[in-house]
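Report on one structure; see the data block that follows.
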Amino acid sequence: TREATLELGRMPPARVSFDPPAPGERVNGAIVVLVRNSELHGLRSSMRMFEDRFNRRYKYPYVLLNDEPFTEEFRDGIAAITTNEVRFGVLNSTMWGYSPGVTAAAAQAKLEENKGRYLYGGSLSYRFMCRFQSGMFFNHPLVRDLDWYWRLEPDVKYFCDIDYDPFVYMRDKGLKYGFTIAPRENGKTVETLWFHTREWIKANQQLLPDRSLANWVMGTDGHYNMCHFWSNFEIVDLSLYRSEAYASYFEHLDRTGGFFYERWGDAPVHSIAAALLLNKSQIHWFEDIGYEHPGNMHCPRDEAMHSRCICDADRSYTYRSACQSRFAKVSNMRRDRLLELIGQS
Ligand code: GDP
Ligand code: MN
Numbered sequence: 056t057r058e059a060t061l062e063l064g065r066m067p068p069a070r071v072s073f074d075p076p077a078p079g080e081r082v083n084g085a086i087v088v089l090v091r092n093s094e095l096h097g098l099r100s101s102m103r104m105f106e107d108r109f110n111r112r113y114k115y116p117y118v119l120l121n122d123e124p125f126t127e128e129f130r131d132g133i134a135a136i137t138t139n140e141v142r143f144g145v146l147n148s149t150m151w152g153y154s155p156g157v158t159a160a161a162a163q164a165k166l167e168e169n170k171g172r173y174l175y176g177g178s179l180s181y182r183f184m185c186r187f188q189s190g191m192f193f194n195h196p197l198v199r200d201l202d203w204y205w206r207l208e209p210d211v212k213y214f215c216d217i218d219y220d221p222f223v224y225m226r227d228k229g230l231k232y233g234f235t236i237a238p239r240e241n242g243k244t245v246e247t248l249w250f251h252t253r254e255w256i257k258a259n260q261q262l263l264p265d266r267s268l269a270n271w272v273m274g275t276d277g278h279y280n281m282c283h284f285w286s287n288f289e290i291v292d293l294s295l296y297r298s299e300a301y302a303s304y305f306e307h308l309d310r311t312g313g314f315f316y317e318r319w320g321d322a323p324v325h326s327i328a329a330a331l332l333l334n335k336s337q338i339h340w341f342e343d344i345g346y347e348h349p350g351n352m353h354c355p356r357d358e359a360m361h362s363r364c365i366c367d368a369d370r371s372y373t374y375r376s377a378c379q380s381r382f383a384k385v386s387n388m389r390r391d392r393l394l395e396l397i398g399q400s
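Quick look at the structure:
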């Protein structure tokens with residue numbers, strides 16, 4: 056009826072507010088998103104689920120970054136999704152640019168060559184994005200004062216209630232890197248990544264810990280097995296990326312031009328670094344966090360999660376992923392064994 060319609064039209068927007076956790080019960084962290092103005096609706100969708108499942112109770116701020124200024128429409132559309140703080144930042148041309156020694160013309164020639172070979176093969180902006188996510192984001196003015204970050208992207212899904220603070224959980228357990236999905240990379244995008252990684256290891260042995268999870272990414276043949284943590288979800292103690300070893304590794308890779316001449320993703324770069332620089336007790340699979348990014352889905356199969364999730368565990372990619380079961384099986388490798396194996400390959 057007409058009256059009912061008018062009644063609905065008068066409904067105020069729902070705004071449920073929760074008390075934030077006590078200080079000391081949280082970390083100096085934020086939800087960090089790199090996003091384009093054109094992805095407003097995809098990000099609103101991700102944030103709606105993320106808020107409902109976790110963040111309207113835990114109240115971490117959002118840091119949204121863009122290589123172009125955010126439009127007013129974008130800011131308003133995002134502000135309407137959350138009562139939490141949102142900080143908007145723009146990237147400069149150092150953070151969103153070519154690697155040293157790489158010219159626009161040389162990059163363009165390689166994009167032409169690779170455009171039909173794999174997804175984003177011909178995309179220059181995708182190269183800038185991967186380079187930024189690999190070596191720059193953690194030093195951005197809006198990120199550099201944070202100790203922790205949780206990466207979020209447009210068009211992802213969160214299926215389960217998260218009734219605790221994963222940041223605090225990681226901090227208290229001495230964890231440095233958290234992930235949900237571990238697929239295999241398309242080898243064509245990283246043809247020389249392992250060669251250059253090996254060169255870096257040989258020249259920087261003193262930067263490596265005595266034990267690491269190196270054999271999660273490397274077979275006994277000394278080659279890269281394409282396993283990586285899908286970095287569209289990652290919760291990381293940023294001291295990992297700000298370490299001397301990581302900086303040295305990134306600079307080494309950056310100087311080779313491979314971010315442009317090939318299509319090195321930040322996921323394999325982050326993952327290889329985590330595996331070389333951390334040990335197993337510092338890396339955590341968040342099996343309880345149901346999550347989907349276009350392409351792959353994780354849904355917890357634990358019966359106890361059924362009342363808290365809206366996904367089908369039988370369709371979960373993660374229980375079929377070879378890299379995921381390798382992660383469950385492998386143990387730490389000693390540095391001298393790592394050097395022996397890469398020396399042979
Ligand atoms: P995929 O996940 O590898 O398929 O790549 P996406 O297109 O999802 O990009 C990864 C992340 O970087 C997403 O959060 C995107 O919004 C963001 N992104 C990718 N390209 C650009 C770009 O050119 N500009 C900006 N501002 N963000 C980008
Ligand atoms: Mn994505």
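Numbering-wise, the sequence shown is residues 56 to 400 according to full-length UniProt numbering.
Idealized CB from N, CA, C, for every residue including glycine.
In this text, all values refer to a predicted model and were calculated from it rather than measured experimentally.
- prompt: Less than 7 angstroms between the CB of asparagine 121 and some heavy atom of the ligand SAH, yes or no?
  reply: The ligand SAH is not part of this structure, which contains only the ligand GDP and the ligand MN.
### Task
Go through its chain and collect everything with a Cβ distance to serine 93's Cβ below 7 angstroms, but skip five positions before and after it.
As a first step, residue 93 is located in the sequence shown; it is residue number 38 there, counting from the start. Nothing meets the Cβ criterion.
| When DSSP labels each residue in this structure, what does leucine 295 get in the three-state scheme? | Counted from its first residue, the sequence shown places residue 295 at position 240. Of the three classes helix, strand and coil, the one that applies to leucine 295 here is coil, per DSSP.
Requested in this report: Give the range of the alpha helix (DSSP H) segment to which isoleucine 133 is assigned.
Outcome: Position 78 of the sequence shown, counted from the first residue, corresponds to residue 133. Unbroken alpha helix (DSSP H) run through isoleucine 133: 127 to 134.
Q) Applying the criterion that 16 or more other CB atoms from any shown protein chain within 10 Å of the CB defines a buried residue, is histidine 96 buried or exposed? A) In the sequence shown, the residue the question calls residue 96 occupies position 41. Label assigned to histidine 96: exposed.
Quick one: what's got a C-beta closer than 6 angstroms to tyrosine 175's C-beta in the same chain, skipping five residues either side? Taking the first residue of the sequence shown as 1, we reach residue 175 at position 120. Only Tyr181 meet the Cβ criterion.
Quick one: grab the DSSP three-state call for valine 198. Locating residue 198 in the sequence shown gives position 143, counting from the first residue. Reduced to three states, the DSSP call for valine 198 is coil.
Tell me which same chain residues have a C-beta within less than 6 angstroms of the C-beta of leucine 393, skipping the five on either side of it? By one-based count along the sequence shown, residue 393 stands at place 338. For leucine 393, where only same-chain residues beyond five positions count, the Cβ hits under 6 angstroms are Ala269.
With H, G and I counted as helix, E and B as strand and the rest as coil, what does DSSP make of lysine 165? In the sequence shown, counting from the first residue as 1, residue 165 sits at position 110. DSSP places lysine 165 in helix when its eight states are reduced to three.
* Determine the closest residue to alanine 329 out of Thr311, Phe234, Gln260 and Met102, with distance taken between C-alpha atoms. => Position 274 of the sequence shown holds residue 329. Measuring from the Cα of alanine 329, the nearest candidate turns out to be Phe234.
So, are the CB atoms of cysteine 282 and arginine 310 less than 8 angstroms apart?
Numbered from its first residue, the sequence shown carries residue 282 at position 227. Numbered from its first residue, the sequence shown carries residue 310 at position 255. For cysteine 282 and arginine 310, no; Cβs fall outside 8 angstroms.
*Could you tell me if asparagine 147 is buried or exposed, where buried requires 16 or more neighbouring beta carbons within 10 angstroms of its beta carbon?*
Within the sequence shown, residue 147 is the residue found at index 92, counting from 1. Under this definition asparagine 147 is an exposed residue.
Quick one: any contact between the segment 287 to 294 and the segment 148 to 155, if contact means 3 or more CB pairs under 8 angstroms?
no
- Message: Spatial neighbours of tyrosine 301 within its chain, please: C-beta separation below 8 angstroms, excluding the five flanking residues on both sides.
- Response: Walking along the sequence shown from the start, residue 301 turns up at place 246. Here the set comprises Leu295, Ala328 and Leu332.
### Task
Could you please give the first and the last residue of the uninterrupted alpha helix (DSSP H) stretch that includes glutamate 254?
Residue numbering aside, residue 254 sits at position 199 when the sequence shown is read from its first letter. From DSSP, the alpha helix (DSSP H) with glutamate 254 extends over 248 to 258.
Using 7 angstroms as the cut-off, classify the Cβ of methionine 91 as near or not near the heavy atoms of the ligand GDP, replying yes or no.
Residue 91 sits at position 36 when you count from the first residue of the sequence shown. In the sequence under discussion, the amino acid at residue 91 is arginine, which differs from the methionine named in the question. Checking the Cβ of arginine 91 against the ligand GDP gives yes.
When the Cα of glutamine 379 is compared with those of Arg389, Ser326, Asp367 and Met388, which residue comes out closest?
-> Within the sequence shown, residue 379 is the residue found at index 324, counting from 1. Comparing Cα-Cα distances from glutamine 379 to each of Arg389, Ser326, Asp367 and Met388, the minimum goes to Ser326.
| query | Leaving out five residues before and five after arginine 389 in sequence, what residues of the same chain have Cβ atoms less than 7 angstroms from its Cβ? | reply | Residue numbering aside, residue 389 sits at position 334 when the sequence shown is read from its first letter. Asp265 and Arg266.
(message) For the structure I just gave you, are there three or more beta carbon pairs, one from the segment 161 to 174 and one from the segment 133 to 143, closer than 8 angstroms?
(response) no
Exercise. Assign arginine 108 to buried or exposed, taking buried as 16 or more other Cβ atoms, counted over all protein chains shown, within 10 Å of its Cβ.
Key: Counting from one through the sequence shown, the residue named residue 108 turns up at place 53. Under this definition arginine 108 is a buried residue.
Range covered by the beta strand (DSSP E) that runs through alanine 85:
Against the sequence shown, residue 85 aligns to sequence position 30. Alanine 85 -> beta strand (DSSP E) spans 84 to 89.
Q.
Closer than 7 angstroms to a non-hydrogen atom of the ligand MN - does that hold for the CB of glutamate 289?
A. For the purposes of this step, residue 289 is identified with residue 234 of the sequence shown, where counting begins at 1. Not under cutoff, so the answer is no.
message = For phenylalanine 382 and glycine 229, I'd like the C-alpha separation in whole angstroms.
response = What you label residue 382 is simply residue 327 of the sequence shown in a count that begins at 1. What you label residue 229 is simply residue 174 of the sequence shown in a count that begins at 1. Whole-angstrom Cα-Cα distance: 18 angstroms.
Would you tell me roughly how many angstroms separate the C-alpha atoms of valine 88 and arginine 142, rounded to the nearest one? The residue you call residue 88 lines up with position 33 of the sequence shown. The residue you call residue 142 lines up with position 87 of the sequence shown. One C-alpha to the other measures close to 10 angstroms.
From what residue to what residue does the beta strand (DSSP E) around arginine 142 run? The count along the sequence shown starts at 1 and reaches residue 142 at position 87. From DSSP, the beta strand (DSSP E) with arginine 142 extends over 141 to 145.
I'd like to check one pair, valine 211 with glutamate 80: are the Cβ atoms closer than 8 angstroms? Numbered from 1 along the sequence shown, position 25 holds the residue referred to as residue 80. Numbered from 1 along the sequence shown, position 156 holds the residue referred to as residue 211. No. Outside cutoff.
> Does the pairing of the segment 205 to 221 with the segment 241 to 253 give three or more beta-carbon distances under 8 angstroms?
Replying inline: no
Review point. Is glutamate 246 buried or exposed, if buried means 16 or more other CB atoms sit within 10 Å of its CB?
Key: Here the question's residue 246 lines up with position 191 in the sequence shown. Counting Cβ neighbours within 10 Å, glutamate 246 comes out exposed, since fewer than 16 surround it.
Practice item. State the Cα-Cα distance for the pair methionine 104 and tyrosine 374, rounded to the nearest angstrom. Key: Within the sequence shown, residue 104 is the residue found at index 49, counting from 1. Within the sequence shown, residue 374 is the residue found at index 319, counting from 1. For methionine 104 and tyrosine 374, the distance between alpha carbons rounds to 23 angstroms.
(Q) Quick test of your reading: serine 189 and valine 324, contact by CB under 8 angstroms. State the CB separation rounded to the nearest angstrom. (A) Here residue 189 is taken as the residue at index 134 of the sequence shown, counted from 1. Here residue 324 is taken as the residue at index 269 of the sequence shown, counted from 1. Correct: roughly 4 angstroms between the Cβ atoms.
Pair within 8 angstroms by beta-carbon distance, valine 82 and tryptophan 203: Working through the sequence shown from its first residue, we reach residue 82 at position 27. Working through the sequence shown from its first residue, we reach residue 203 at position 148. It is a contact, given that the beta carbons lie within the stated cut-off.
Just mark glutamate 123 as buried or exposed, buried being the case when its beta carbon has 16 or more other beta carbons within 10 Å.
In the sequence shown, the residue the question calls residue 123 occupies position 68. Label assigned to glutamate 123: exposed.
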